[in-house]
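First residue of the sequence shown: 8, per our numbering; consecutive thereafter.
The structure under discussion appears below in the form of C-alpha cells.
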Amino acid sequence: MSKRYHIWTIGCQMNVADSNHVAAHLDRLGYEPVDRPEDADVIVLNTCVVRQSAENKVVGKLGALKPLKERHPDKVIALMGCFVGIKPNPKLQERYPWVDVFMPPSEPAPLVHYLSRDVQDAEDRAHEREATESRWRLQDALTTQSLRHLALHGDVPVTAYVPIVYGCSFACTYCIIPYRRGKERSRPLEEVVAEVKDLVAQGVREVTLLGQIVDRYGYDWGGRPDLADLLHALHDIEDLWRIRFLTSHPNFLDERILDAVATLPKVMPHIEVPVQAGDDRVLARMRRGYTVDDYRRLVHQIRERLPDAAIHTDIIVGFPGETEEQFMGTYRLLEELRLDKAHLARYSPRPGTVSARFMEDDVPEEEKRRRHRLLEALQERIQREKNQALLGERVLILVEGKRKGKWEGRTPQNKIVFLEHPEDLRGHLVEVEITWAGPYSLQGRLVDVKR
Ligand code: SAH
C-alpha cells in the first residue's frame, strides 16, 4: 500500500499555497493524501503566530499529536510555517521532541530530504540515482502546487493562491512576520506564469497572487518586471478567467498597477490595502510610513481610476498607547471612507517585535473588545447599505462550490453570492440577479450561464 500524508493548515492564504507546494512534493514521492492524521504516515502542521490566539491553536494541535506519535513512532511529524520561522531554534526541538522535521515557511525541502533520506537508509544507498533525481524534482516542483489533498471528497478547487513575493523586509512595529518569514524575495516572472498554467491545467479558473506587500513585486531586482508586468503576462493565459492580488501596502500601490487593473478585464476590481489605524500618531508608532491623509488620497485615487472597485482594509484596535480619541479617528475614517470590508484585529504583542519590547500593552483586553465591537457594528451597517444598493442588479459570479445546499460564488468585487439551482454550476461563470442583500453575503437567482 502506498504511503499517506495529511496536511493541517491554519493562518494566512500564503500558508494554504505553501501547503499545496508540500503536497506536490509528497505526490511526487508517491504519497496519497488522507483526511485524518490517524491514517497518515506523514503529518504536516502548517502554522501561524501572527496573533497569540493562532499560536495557541498550534500548541493545542501539537499537544494532540503527542499520544499519536507515542503509539506510532514510525509516523513522521513535520512542523512548518511561522511557528518554526527561518532561524534554527533548538528550543523548539527540546519542547516538542515528537516532531521529526522542522520546516521554515514556504520551504518544503527539509521534509523532502528527510523522507528521501529514509529511502536511502532502507535501501542502503542503492538509490543514489533516484536521490539525484529527487533533487532535480525538488527544483521542478517549486513551480507546482498539488490540490489533491483539498479535493478528497469533491472536485479540485476553482480558485487557488499563488505566492509571488516571499518574506517581508518591512518593519511595522507590531508585526512578527518579517522575523519568521525572512527577507523579501520576489519569484521570477516565468516561475509564477508556469505555476499558474499548471494550476489552470488542473482546473483552476481564478488565482489570487500573494505577498505580504504584493505591490512591491519586483522591487528586489530594481523594479521591472513589476506587478503590472506580471498581471499582463498572466492575462494571456488561456482558460484563466480571473486574477486578484493581495495584500497591497498604501505606499506602493502606484499608477502602473491601477492602470493594469483598469485595462485588463481578467484582473478583478478588488484592492486589499490595509490602513491599520486612523490616527497619525498611532500610524507613526506602528511605523507604517504614511499618514491618514495619504491613505484618504489613495482611496480617492483608486475610486477615480477604478470606479467599480471594492476596497478592503485591515485595522488593529488597542495598539499600545491608543487613546479613546485616537481610536475614534479610526472610527471616523471608516465612517467617512465607507470601504467594502474591514478585517479587524485586537492588538496582540508578539515576541521579538519592537512594540512588544518597547511599548506597554496598556489598552485593557475588555477595552480592545469594546473598540472591536464598535468598528464591527459600524462596518456591518456600511456593508449592509452598500450591498442593498445591489438589489435587482445583475452580477457575474464564478461558482466555487456548494455550501448548505446552495451554490456559492464571488462577484468581481469579491462579494459572496448564494443561489439555488438544480444543475451543477460548479466552475461556471454565471450571471445572477441579486434578490437579497445582507452585510456579509448576497443571494440571487440565475439569469444565464456565461461559460
Ligand atoms: N503584510 C500584510 C498583512 C500581514 S498580517 C500587511 O502589510 O498588511 C495580517 C493582518 O494581521 C495585518 O494587516 C494586521 O492588521 C494584523 N496583525 C499583524 N500583527 C498583529 C498583531 N501583533 N496584533 C494584532 N493584529 C496584527
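Just so it is clear, CB atoms sit at the ideal spot from N, CA and C, and this is done for glycine as well.
Remember, predicted model here, so these are calculated numbers, not experimental data.
Taking 7 Å as the cut-off, does the CB of residue 120 come closer than this to any heavy atom belonging to the ligand SAH?
Result no, Cβ not under 7 Å from the ligand SAH.
Thinking C-beta only, is residue 403 closer than 8 Å to residue 438?
yes
Is residue 181 a contact residue of the ligand SAH, with contact defined as CB to any heavy atom under 7 Å?
Residue 181: yes, Cβ under 7 Å from the ligand SAH.
Confirm the yes/no value for this check: CB of residue 302, any heavy atom of the ligand SAH, distance under 7 Å.
no
Measure the Cβ-Cβ separation of residue 376 and residue 353 and say whether it is below 8 Å.
yes
Closest by CA to residue 32, which one among 334, 45 and 51?
Ranking 334, 45 and 51 by Cα distance to residue 32 puts 51 first.
Give me the Cα-Cα distance between residue 190 and residue 172, rounded to the nearest whole angstrom.
Distance between the alpha carbons of residue 190 and residue 172: 10 Å.
Roughly how many angstroms lie between the CA atoms of residue 183 and residue 417, to the nearest whole one?
31 Å
Ordered along the chain, which non-local residues of its own chain (more than five positions away) have a Cβ less than 7 Å from that of residue 238?
The answer, listed in chain order, is 250, 267, 271 and 274.
When DSSP labels each residue in this structure, what does residue 95 get in the three-state scheme?
coil
Per DSSP, what are the beta-bridge partners of residue 40 in this structure?
In DSSP, residue 40 forms a bridge with 12.
Buried or exposed for residue 334, please, with buried defined as at least 16 other CB atoms from any protein chain shown within 10 angstroms of its CB.
buried
With a 10 Å radius around its C-beta and 16 neighbouring C-beta atoms as the bar for buried, classify residue 365 as buried or exposed.
exposed
Between residue 233 and the ligand SAH, is the CB less than 7 Å from at least one heavy atom?
no
Report the rounded CA-to-CA distance for residue 111 versus residue 39, giving the unit in angstroms.
23 Å
Inspect the beta-carbon positions of residue 347 and residue 323 and report whether they are closer than 8 Å.
For residue 347 and residue 323, no; Cβs fall outside 8 Å.
Contact defined as beta carbons within less than 8 Å: I believe residue 222 pairs with residue 256. What is the distance between those atoms, to the nearest angstrom?
Cβ atoms of residue 222 and residue 256 come within 8 Å of each other, at about 6 Å.
Among 79, 48 and 164, whose alpha-carbon lies nearest the alpha-carbon of residue 434?
164
DSSP three-state call for residue 247: helix, strand or coil?
coil
Contact test: residue 112 Cβ vs the ligand SAH heavy atom, cutoff 7 Å
no
Among the residues of its own chain, which have a CB less than 8 Å from the CB of residue 159, if the five just before and after it don't count?
Only 40, 41 and 42 meet the Cβ criterion.
If I measure Cβ to Cβ from residue 211 and keep anything under 6 Å in the same chain, skipping five residues before and after, which residues do I get?
167
Would you check whether the ligand SAH has a heavy atom nearer than 7 Å to the C-beta of residue 5?
For the chain, the structure presents residues 8 to 458; residue 5 sits outside this window and is missing.
Backbone secondary structure at residue 109 - three-state DSSP:
Residue 109: strand per DSSP, three-state reduction.
How big is the Cα-Cα spacing for residue 302 and residue 283?
Taking the Cα positions, residue 302 is about 10 Å away from residue 283.
Thinking residue 258 and residue 297 are a contact (beta carbons under 8 Å), I'd like their distance in whole angstroms, please.
6 Å
Kindly confirm or deny that the segment 303-312 and the segment 355-364 touch, where touching means at least three C-beta pairs closer than 8 Å.
no
Candidates 361, 443, 370 and 425: which alpha carbon is nearest residue 391's?
443
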